[in-house]
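Residue numbers (this note's numbering), protein chains in the order written: chain A, 79 to 311; chain B, 619 to 864. Single-structure report; data block below.
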Amino acid sequence: MVLKDITTTFEKGKTNLIIGQSGSGKTVLMKCCIGLLEIDQGDIIFDGLNFSGLSEKRKRITRQEMGMLFQGGALFDSFTVEDNVMFPLNMFTKMSREEKLEKVNTTLKHVNLVNANKKYPSEISGGMTKRVAIARAIALNPKYLFCDEPNSGLDPKTAERIDALISRLTEQFEMTTAINTHDMNSVLQIGQKISYIHEGELWWEGDKDEIMHTDNKELNEFVFATELTRRAK
Amino acid sequence: MKFLFDIGDYVVLMYQAFKKPDKGRVFMRQLLMDFRSYGTDSIGIVAIISVFTGAIIAIQTAYNMDNPLLSMKLVGFSTRQMMILEFSPTIISLILAGKVGSSIASEIGTMRVTEQIDALKVMGINPANYLILPKITAAMIYNPILIIFSIFLGLSGGYAACHFTGLVPTPAYVEGLRSWFEPFTINYALIKTVVFAFIIASVSGYKGYTVKGGSVEVGRASTKAVVISSILIIFFDLILTQMLLT
Numbered sequence: 079m080v081l082k083d084i085t086t087t088f089e090k091g092k093t094n095l096i097i098g099q100s101g102s103g104k105t106v107l108m109k110c111c112i113g114l115l116e117i118d119q120g121d122i123i124f125d126g127l128n129f130s131g132l133s134e135k136r137k138r139i140t141r142q143e144m145g146m147l148f149q150g151g152a153l154f155d156s157f158t159v160e161d162n163v164m165f166p167l168n169m170f171t172k173m174s175r176e177e178k179l180e181k182v183n184t185t186l187k188h189v190n191l192v193n194a195n196k197k198y199p200s201e202i203s204g205g206m207t208k209r210v211a212i213a214r215a216i217a218l219n220p221k222y223l224f225c226d227e228p229n230s231g232l233d234p235k236t237a238e239r240i241d242a243l244i245s246r247l248t249e250q251f252e253m254t255t256a257i258n259t260h261d262m263n264s265v266l267q268i269g270q271k272i273s274y275i276h277e278g279e280l281w282w283e284g285d286k287d288e289i290m291h292t293d294n295k296e297l298n299e300f301v302f303a304t305e306l307t308r309r310a311k
Numbered sequence: 619m620k621f622l623f624d625i626g627d628y629v630v631l632m633y634q635a636f637k638k639p640d641k642g643r644v645f646m647r648q649l650l651m652d653f654r655s656y657g658t659d660s661i662g663i664v665a666i667i668s669v670f671t672g673a674i675i676a677i678q679t680a681y682n683m684d685n686p687l688l689s690m691k692l693v694g695f696s697t698r699q700m701m702i703l704e705f706s707p708t709i710i711s712l713i714l715a716g717k718v719g720s721s722i723a724s725e726i727g728t729m730r731v732t733e734q735i736d737a738l739k740v741m742g743i744n745p746a747n748y749l750i751l752p753k754i755t756a757a758m759i760y761n762p763i764l765i766i767f768s769i770f771l772g773l774s775g776g777y778a779a780c781h782f783t784g785l786v787p788t789p790a791y792v793e794g795l796r797s798w799f800e801p802f803t804i805n806y807a808l809i810k811t812v813v814f815a816f817i818i819a820s821v822s823g824y825k826g827y828t829v830k831g832g833s834v835e836v837g838r839a840s841t842k843a844v845v846i847s848s849i850l851i852i853f854f855d856l857i858l859t860q861m862l863l864t
């Protein structure tokens with residue numbers, strides 16, 4: 079069993095961070111939330127709808143209200159940036175080609191990405207890949223955005239930009255955003271609600287101010303593991 | 619035991635794949651792309667192999683007919699029968715299992731390990747249907763076309779061999795091609811091809827879809843897809859031959 083007795087709520091319009099060491103079960107929790115992994119027991123509820131009890135067909139319909147940013151971006155590598163962002167529009171809307179193009183360009187502007195429409199994922203940087211993946215995730219204006227380690231593999235400056243972008247989009251589109259991370263900069267920058275997972279259990283919950291003054295031993299060891307954070311404290 | 623689990627998983631995956639596509643236009647676009655990737659792009663190799671094999675069959679038959687009482691038109695007859703009954707439907711399918719099967723398995727397998735399939739699922743798309751159904755449909759439509767093309771080129775290769783080597787007079791070869799012809803043999807070849815096309819695309823799709831791990835596992839899945847498809851092609855060749863020709 080990877081996760082045990084986790085009861086938590088992701089708050090609407092906020093960036094909800096799930097933190098914990100590598101292997102603590104953060105990604106498993108997120109995959110359970112979106113139904114990529116089946117849970118053995120318990121419920122996953124979206125706005126009163128018991129998602130875990132739905133049929134696969136109903137789950138697919140509900141997932142159209144979700145966007146997900148995968149750790150590696152998971153862009154379709156045979157599609158251009160434009161086609162990647164247009165993909166959900168092709169699948170779920172009856173927009174004309176012109177309307178879709180306009181929507182794609184607007185969405186790419188939201189993530190500060192211009193003049194990259196015709197590039198392939200292999201031709202763009204890691205930060206751009208994440209931004210395209212975010213653009214694809216928000217193309218259908220989802221109610222829920224899930225981000226699995228959005229900063230992994232990025233330099234600190236780009237990581238900060240991605241954090242700021244996700245935070246801004248969450249407010250702008252009034253999404254419920256859940257982010258998996260073990261990056262303390264993200265925690266301190268955008269953590270409106272923080273859940274700390276330790277060995278598959280929910281160990282602590284609070285916000286970015288409370289986390290600095292917690293007396294939880296395991297959490298302190300995680301948060302202040304580096305010289306930099308110890309100095310910051 | 620794992621073999622039984624694999625069969626169960628394969629059946630479940632095919633059940634998922636053979637559902638109504640989410641969007642007809644997107645399915646058609648995928649289908650056209652797969653026609654190109656797995657059909658049109660295979661024309662070259664099919665053409666080369668068929669021409670040479672037809673020529674070799676004709677030459678081999680002519681060299682081995684040392685009884686002067688045997689009519690030279692038997693060369694045309696045997697070339698035609700071998701091309702239609704076995705070479706084009708079975709051997710070309712085995713070659714396509716190598717070329718197309720490995721391509722399908724590695725394409726879908728790479729999508730699996732880079733989380734592209736998960737991304738499709740999170741978007742609310744049925745990935746099996748989106749990825750595998752167009753490939754199976756493309757293979758089942760395009761492979762019979764390739765096989766007809768192969769038969770035609772094989773017989774032409776035999777004709778060219780007779781013409782350039784002078785082993786068999788070309789009128790005798792052509793007469794042989796037209797002798798004792800059973801139209802059902804064409805149907806038999808096409809039925810086999812459609813079954814083999816389904817095997818190639820579905821088994822390769824399954825092996826790619828169920829990859830776990832990284833690039834090494836994608837390579838292994840690709841190899842397994844070719845091996846399993848080839849074995850199943852030979853196995854079903856035996857069954858279909860028994861069912862259709864006896």
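In this text, a Cβ means the ideal position worked out from N, Cα and C, and glycines have one as well.
- The closest CA to that of Met-729 (chain B), considering only B:Lys-810, B:Tyr-656, B:Glu-835, is found on B:Glu-835.
- Separation of Arg-309 (chain A) and Asn-298 (chain A) (C-alpha to C-alpha, rounded to the nearest whole angstrom) is 13 Å.
- When the Cα atoms are used, Leu-751 (chain B) and Phe-636 (chain B) turn out to be separated by approximately 6 Å.
- Annotation for Pro-220 (chain A): Glu-143, Met-144, Gly-145 place their beta carbon closer than 6 Å to its own, counting only its chain and skipping 5 residues before and after.
- When secondary structure is reduced to three states using DSSP, Ile-667 (chain B) falls in the helix class.
- Under the three-state reduction of DSSP output, Tyr-681 (chain B) falls in the helix class.
- With respect to the 8 Å criterion, Ile-212 (chain A) and Leu-147 (chain A) are classified as neighbours on the basis of their beta carbons.
- The C-beta of Gly-131 (chain A) has fewer than 16 other C-beta atoms within 10 Å across all chains shown, which makes the residue exposed.
- Rounded to whole angstroms, Leu-856 (chain B) and Met-700 (chain B) show a C-alpha spacing of 15 Å.
- Any Cβ of chain B closer than 8 Å to the Cβ of Gly-150 (chain A) would place that residue at the interface, and such an atom is present.
- Nearest to Leu-738 (chain B) by C-alpha distance, out of A:Asp-285, A:Asn-294, A:Arg-141, is A:Arg-141.
- The C-alpha of Trp-282 (chain A) lies about 8 Å from the C-alpha of Asn-294 (chain A).
- Given a length threshold of 4 residues, each whole run of the alpha helix (DSSP H) inside the region 79-153 of chain A is given here in chain order: 104-111, 134-141.
- Within the region 246-276 of chain A, no residue has a Cβ lying closer than 8 Å to any Cβ of chain B.
- When Cβ pairs closer than 8 Å are counted between the two stretches, the region 96-105 of chain A is seen to touch the region 260-274 of chain A, the count reaching three or more.
- Contacts between Asp-855 (chain B) and chain A, judged by CB atoms closer than 8 Å, are missing: the closest CB pair is about 34 Å apart.
- Pairing Val-106 (chain A) with Ile-743 (chain B), the inter-Cα distance amounts to about 21 Å.
- Note that the C-beta distance between Gly-103 (chain A) and Gly-278 (chain A) is below 8 Å.
- Counting C-beta atoms within 10 angstroms of its own C-beta, Met-741 (chain B) has 16 or more neighbours from the protein chains shown and is therefore classed as buried.
- It is roughly 16 Å from the alpha-carbon of Pro-762 (chain B) to the alpha-carbon of Ser-655 (chain B).
- DSSP assignment within the region 213-246 of chain A yields the following whole beta strand (DSSP E) runs of 3 residues or more, N-terminal first: 222-226.
- At least one beta carbon of chain B lies nearer than 8 Å to the beta carbon of Leu-114 (chain A).
- Residue state for Asn-193 (chain A) is assigned as coil, using DSSP reduced to three classes.
- For the pair Val-844 (chain B) and Ser-720 (chain B), the CB atoms are nearer than the 8 Å cut-off.
- At a cut-off of 8 Å between C-beta atoms, Gln-699 (chain B) does not count as an interface residue with respect to chain A.
- Proximity of chain A to Asp-640 (chain B) at the Cβ level (cut-off 9 Å) is accounted for by Arg-138, Met-169, Phe-170, in chain order.
- Nearest neighbour of Lys-196 (chain A) by Cα position, chosen from A:Leu-243, A:Ser-156, A:Ser-230, turns out to be A:Ser-156.
- Under the three-state reduction of DSSP, Glu-733 (chain B) is assigned to coil, being neither helix nor strand.
- Any Cβ of chain A closer than 8 Å to the Cβ of Glu-733 (chain B) would place that residue at the interface, and such an atom is present.
- Put simply, the backbone Cα of Thr-783 (chain B) is about 32 Å away from that of Asp-659 (chain B).
- Annotation: the continuous alpha helix (DSSP H) that includes Ile-818 (chain B) extends over 802-827.
- Non-local beta-carbon contacts of Phe-670 (chain B) in its own chain, meaning distances under 7 Å to residues more than five positions away in sequence, involve Gly-775 in chain order.
- The beta-carbon of Pro-166 (chain A) is placed less than 8 Å from the nearest beta-carbon of chain B.
- Listed in chain order, the non-local C-beta contacts of Thr-236 (chain A) below 7 Å within the same chain comprise Gly-205, local neighbours out to five positions each way being set aside.
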